[in-house]
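**Q** Below is a structure I'd like to ask you about.
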Amino acid sequence: MIWTLLQVAAGGALGASGRYLVGVGVLRMLGPGFPLATMMVNVIGSFAMGCIIITLLHKSSMHFAPFLTVGLLGGFTTFSAFSLDAIVLYERGEASLAVLYVMGSVVLSIGAVFLGMALMRGIWQ
């Protein structure tokens, strides 16, 4: 149990650091406004989740799942930040942009998981 907890903690630290760096990079390139960085990490993380879970299953390596899925990707993706970003857009009077952001994030993230899984299934077959 303690080893699993340490795996999750280490993965979470790496994932959160990666999320922070994406946020800083997008902010520097595009400035504030639409929360593109949050949407990007959720979509990238979802794609990676699909790739990783199929690879772990194919390689019978589920012992890496706590580090990679709960830790790394859990720390990298930002659903709580996503929720806050949606509310901030709404409270700024940009309800249509908030809806676009929520729907785009959800559809693209679910699509990214599906795409990642399909890609890895194609590779591992």
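Per this note's numbering, the very first residue in the sequence shown carries number 28; after that it's consecutive. We put the beta carbon where it would ideally sit given N, CA and C, even for glycine. Owing to the predicted nature of the structure, the values given are computational and were not obtained by experimental measurement.
1. Report all residues from its chain with a CB closer than 6 Å to the CB of Cys78; omit the five preceding and five following residues, and keep chain order.
2. Suppose you measure from the CA of Phe106 to the CA of His85; what does that come to, to the nearest Å?
3. On the CB-based measure, 16 or more other CB atoms within 10 Å of its CB, does Ser88 come out buried or exposed?
4. For Gly101, collect the residues of the same chain with a Cβ closer than 8 Å to its Cβ; drop the 5 residues on either side in sequence, then sort them by chain order.
5. Taking the alpha helix (DSSP H) that Gln34 falls in, what are its first and last residues?
6. Counting C-beta neighbours from all protein chains within 10 Å, is the total for Ala145 16 or more, i.e. buried, or is it exposed?
7. For Phe74, does the three-state DSSP call read helix, strand or coil?
**A** So, to answer that:
1. The answer, listed in chain order, is Gly143, Met147.
2. CA-to-CA, the gap between Phe106 and His85 works out to about 28 Å.
3. exposed
4. Val35, Gly38, Gly39, Gly42
5. Element bounds for Gln34: 29-57.
6. exposed
7. Looking at Phe74 - three-state DSSP - the assignment turns out to be helix.
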